[in-house]
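I have placed the structure first, in the form of structure tokens, so that the comments after it can refer back to it.
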Amino acid sequence: MGFPTIRPRRLRASAELRALVRETPLAPTDFVYPMFFSAALTEPAPISTMPGIFQYPVSHAGEQAKRVKERGVPAVILFGLPAKKDATGEIGLDPDGPVPRAVREMKAAVPDLLVMTDVCVDEYTEHGHCGILGKRVDGTVDVDNDATLEVLAKMAVVHAKAGADVVAPSDMMDGRVGALRRALDGEGFTGTPILSYAVKYASAFYGPFREAADCAPQFGDRAGYQMDPGNAREALREAALDEAEGADMLMVKPALAYLDVIRTVRNASNLPLGAYNVSGEYAMLHAAAERGMLSLERAMLETLTSIRRAGADFILTYHALAAAELLGG
Ligand code: PBG
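Going by this note's numbering, the sequence shown opens with residue 5, and the numbers climb by one from there.
Here you go:
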């Protein structure tokens with residue numbers, strides 16, 4: 005049987021019918037809102053490459069928590085800008101640093117807001133790399149995987165002690181999920197889930213973030229630890245390793261240029277899967293919309309729907325509050 009008996013357009017005739025048969029709904033509860041907290045600021049500072057996104061003083065964390073909650077967005081993920089940086093990122097272990105303080109203030113203001121923290125040293129190192137520098141046997145400089153694990157594990161514990169609901173390692177060191185799990189369990193945080201940035205590519209789309217979090221590498225690039233954009237089988241390997249080490253949730257990052265990878269990981273793992281709609285993806289839509297090239301609202305919702313349709317259960321996105329408002333949150 006085919007046309008003229010079969011007419012797919014029948015189900016597209018009204019908004020009500022379209023909503024009824026929509027396969028991939030989008031809701032404010034699908035979003036995690038990334039936020040930047042600074043130890044140095046006293047007023048919010050706009051991030052020039054990310055319209056509508058600010059670095060906030062830690063003292064604003066409570067009111068920001070309320071703003072997110074009022075929009076119906078259930079979760080945030082926090083990044084920190086410390087007053088000073090060092091060579092190892094150990095300054096990021098200060099329990100009174102911007103992230104632990106923001107966690108405490110947000111949880112005090114809105115106890116049922118889910119507060120996640122990014123666990124990585126790049127925000128805290130002078131050189132901007134996601135690990136401690138060391139030397140290979142041939143004398144060349146490299147990020148020392150195993151030395152970095154110790155700092156990361158300690159940082160996760162500092163965040164958990166401050167009250168973080170979920171810790172999210174974004175460094176791409178080998179073995180870090182296991183290292184975090186052992187450290188958390190050793191301190192009694194057996195109930196703190198790990199959201200692993202399991203599949204994270206070395207991407208040009210992190211450009212604006214490096215201004216936002218002040219973490220551009222001062223030499224070289226991150227290709228020695230982040231994944232090569234040409235690799236999809238390797239995504240399955242990374243996801244399987246993190247699952248075996250005890251990750252509670254996985255993430256693919258970036259999202260838009262990697263929708264196929266989101267689908268591949270979704271089909272291979274039963275863990276909840278997030279996708280990070282990163283800073284460059286956000287900036288791209290805003291830049292096009294500012295020049296009148298497309299509708300920001302429609303492009304935003306279509307983009308977020310595509311990430312969910314590819315298989316992500318939730319999306320870390322700077323569009324979270326604006327999209328939630330459009331969705332009636
Ligand atoms: C590393 C980290 C980065 C992002 C999140 N965590 C930057 C990087 O790897 O260079 C990027 C997020 C974005 O671009 O929105 N701690």
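Beta carbons: idealized from backbone N, C-alpha and C, even for Gly. Please read all numbers here as calculations on a predicted model, not as lab measurements.
- When beta bridges are read from the DSSP output, M110 appears opposite no residue.
- The secondary-structure analysis by DSSP pairs S42 across a beta bridge with P61, L85.
- If you check the C-beta of D100 against the ligand PBG, you find no heavy atom less than 8 Å away.
- In the structure shown, L184 falls within a helical segment according to DSSP collapsed to helix, strand and coil.
- With a cutoff of 8 Å, G284 counts as near the ligand PBG, since its C-beta is closer than that to a heavy atom of the ligand.
- Contact fails between the region 226 to 240 and the region 276 to 290, because fewer than three Cβ pairs, one in each stretch, are under 8 Å apart.
- Taken in chain order, the region 112 to 139 contains no complete alpha helix (DSSP H) segment of 4 residues or longer.
- V171 and A160 have their C-alpha atoms spaced approximately 6 Å apart.
- The three-state secondary structure of D218, taken from DSSP, is coil.
- When the Cα atoms are used, P212 and A220 turn out to be separated by approximately 10 Å.
- Taking each of A293, L331, S299, G315 in turn and checking the Cα distance to P276, the smallest one comes out for G315.
- When DSSP states are grouped into helix, strand and coil, V162 belongs to the helix group.
- Under the three-state reduction of DSSP output, Y205 falls in the strand class.
- Ranked by Cα distance from A151, the options R237, A91, R270 are led by A91.
- In chain order, A236, A314 place their CB closer than 8 Å to the CB of D264, counting only its own chain and leaving out the 5 sequence neighbours on each side.
- Inter-segment contact for the region 39 to 52 and the region 87 to 106 is present: three or more beta-carbon pairs are separated by less than 8 Å.
- For N235, no beta strand (DSSP E) segment is defined, and its DSSP state is neither H nor E.
- Beyond the five residues adjoining it in sequence on each side, H290 comes within less than 6 Å, by CB distance, of P55 in the same chain, given in chain order.
- Take the alpha-carbon of Q222 and the one of R14: they are about 58 Å apart.
- Just measuring C-alpha positions, the residue of T28, E109, D122 sitting nearest Y280 is D122.
- T33 carries a helical assignment under DSSP once its states are collapsed to helix, strand and coil.
- The region 293 to 311 makes no contact with the region 64 to 81, as fewer than three CB pairs between them are under 8 Å.
- In terms of Cβ geometry, S63 and C124 do not form a close pair [threshold 9 Å].
- For L117, the CB contacts under 8 Å within the same chain, skipping 5 residues up- and downstream, are A69, V72, K73, P78, A79, V80, M110, K111 in chain order.
- In the structure shown, the three-state DSSP call for P50 is strand.
- Relative to the ligand PBG, Q230 has its C-beta within less than 8 Å of a heavy atom.
- Around the C-beta of E130, fewer than 16 other C-beta atoms lie within 10 Å, and the residue is accordingly described as exposed.
- Within 8 Å of the C-beta of Y262 there is not a single heavy atom belonging to the ligand PBG.
- The ligand PBG has no heavy atom closer than 8 Å to the beta-carbon of F193.
- By the neighbour-count definition (other C-beta atoms within 10 Å, threshold 16), I10 is an exposed residue.
- The region 201 to 210 makes contact with the region 249 to 269; the number of CB pairs closer than 8 Å reaches 3 or more.
- The three-state reading of DSSP puts Y229 in coil, since its state is none of H, G, I, E or B.
- When G143, P32, A227 are compared, the shortest CA-CA separation from M176 is found for A227.
- Under DSSP, P173 takes part in a beta bridge, and its partners are V123.
- Minimum Cα-Cα distance from E329 among the listed residues A208, L30, L97 corresponds to L30.
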